[in-house]
Amino acid sequence: MLISALTRRGRQRFTGTLRMDGSPGGSVSMRDGLVVAASTPAAPGPEPLLLRSGRISEADWTAAFTAGAPEGRLERELVVRGLLGDAGVQVITRAAVADALFAMALCGVRTCTADPDDAVPLLASDPGLDAERATREIRRRLDLAQSWAVLGLTVRSRPRSGRPPGSVPVNAQRRELLAKINGRRTPRDIAFALGRGLFPVMSDLATLIADGLATFEPPLIERTEAVLPPAPRSEPVARTPEPPGEGIRSRTAAPPPPPNAPSGEPAGLPRRRHRSTGHEPRFQRKPPA
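FYI, in this note's numbering the residues of the sequence shown are 246 to 534.
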């Protein structure tokens, strides 16, 4: 639904906001068919990306927002105050757009409603992302997410630490991510806590899982042999000792007793040898080789 809506509205050179209904859904702002902003509760937007990562302090953000937001020039205020450069604004806004589109597509969109009169957010990408290019990037990221699902990693997974971090070398970003893994946080929770996009967080988590540094299941007991479930208990079966010198033929079932066998002899036990009467088969040991 999201990809088809972006493709169609891009070709129509739509200007306005697309309201995406999903779990949790979100919105996409377009200008002349270009995607200039996107937001969803499933992924951090520009503000948490800047503040949670420590790139801008809370005090500096508040001052810039108070001065620039009422007149719609928050972006310019951030640049004038030296908090971000022009290129930095574009990097953060484009990253937030791509990540929000991926998060909405990953979580699922049921319906889309177009609002041509809605205003553009304060921090928007200029000039914006081409809709067809944005959809290609969404598909690429969804393909990667499908491969991560094989590892057990989804947007709703709650990973926890695996082997000790020192067992495999990790870079600073992944070490910081490992510190947030506790078996309760989802990838979305970790992304907001670190001020990083959902997609890069899930990408690093997939690497940590492949390296054994993060997992989802209780650790298995390491053993040299596979542990099989115990066989059902049964009564022990008495085995008749074999006479010495007999081969495989002696282990075959004994023939049924003749009709005139003594009643005091239990059935199924080895019978005493009888003299041949002409009616019974003669059993002889195989002469020694």
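All C-beta atoms in this analysis are idealised placements derived from N, C-alpha and C, irrespective of residue type, glycine included.
Exercise. So what does DSSP say about T307, is it helix, strand or coil?
Worked result: helix
Problem set entry | Three-state secondary structure (DSSP) of T260 | coil
Exercise. Of all the options A417, F444 and Q335, which has the alpha carbon lying nearest to the alpha carbon of T399?
Worked result: F444
Exercise. Quick one: what does DSSP say R405 is sitting in, helix, strand or coil?
Worked result: strand
Problem set entry | Option nearest V413 by Cα separation, candidates A394, A376 and I454 | I454
Problem set entry | Proximity to C352 [Cα-Cα], best of A451, Q418 and D266 | D266
Problem set entry | Boundaries (first-last residue) of the alpha helix (DSSP H) holding L439 | P432 to L439
For this session: Would you please state the rounded distance, in angstroms, between the beta carbons of L368 and L319? I believe it to be under 8 Å.
Result: 6 Å
For this session: Spatial neighbours of D363 within its chain, please: CB distance less than 6 Å, with the 5 preceding and 5 following residues excluded, ordered by chain position.
Result: G261 and T262
For this session: Tell whether a beta-carbon distance below 7 Å holds between S284 and A345.
Result: yes
Exercise. Straight-line CA distance for D434 to R276?
Worked result: 31 Å
Problem set entry | Burial state of A314, where buried means 16 or more other Cβ atoms lie within 10 Å | exposed
For this session: Report the option in S249, A250 and S274 whose CA atom is closest to the CA atom of G373.
Result: S274
Problem set entry | Runs of beta strand (DSSP E) lying entirely within the segment 310-385, each at least 3 residues, in chain order | 354-360
For this session: Taking only the alpha-carbon atoms, compute the straight-line gap between A287 and S249 and give it to the nearest angstrom.
Result: 20 Å
Problem set entry | Of the residues A417, L396, D375 and T311, the one placed nearest M447, counting alpha carbons only | L396
For this session: Please confirm whether any heavy atom of the ligand COA lies closer than 6 Å to the CB of V395.
Result: The model depicted lacks the ligand COA and carries no ligand whatsoever.
For this session: Starting from R300, trace the alpha helix (DSSP H) both ways and give me its first and last residue.
Result: Segment: none, R300 is in no alpha helix (DSSP H) and carries neither H nor E.
Problem set entry | DSSP-derived helix/strand/coil call for S268 | coil
Problem set entry | Reference A348; option with closest CA among G407, G457 and G442 | G442
Problem set entry | Where V334 falls, given that 16 or more other Cβ within 10 Å makes a residue buried | buried
For this session: Please state if the CB of G278 and the CB of A376 are separated by a distance shorter than 7 Å.
Result: yes
Exercise. Which residues in the same chain have their Cβ closer than 7 Å to the Cβ of S402, if we skip the five residues on either side of it in sequence?
Worked result: T431, P432 and F461
Problem set entry | Nearest candidate by alpha-carbon position, reference R538, set D360, T338 and E316 | The shown model of the chain, from 246 to 534, leaves out residue 538, and the question about it has no answer.
Exercise. If you count every other CB in all the chains shown that lies within 10 Å of the CB of P409, and 16 or more means buried, which is it?
Worked result: exposed
Exercise. Based on Cα-Cα distance, which residue from V280, A390, G270 and L296 lies nearest to T252?
Worked result: V280
Problem set entry | 7 Å Cβ cutoff, A287 in contact with chain B | Here there is only one protein chain, and chain B is not present.
Problem set entry | Nearest-angstrom beta carbon gap, S406 and L328 [assumed within contact, 8 Å] | Their Cβ separation, rounded to whole angstroms, is 35 Å, which puts L328 and S406 out of contact at 8 Å.
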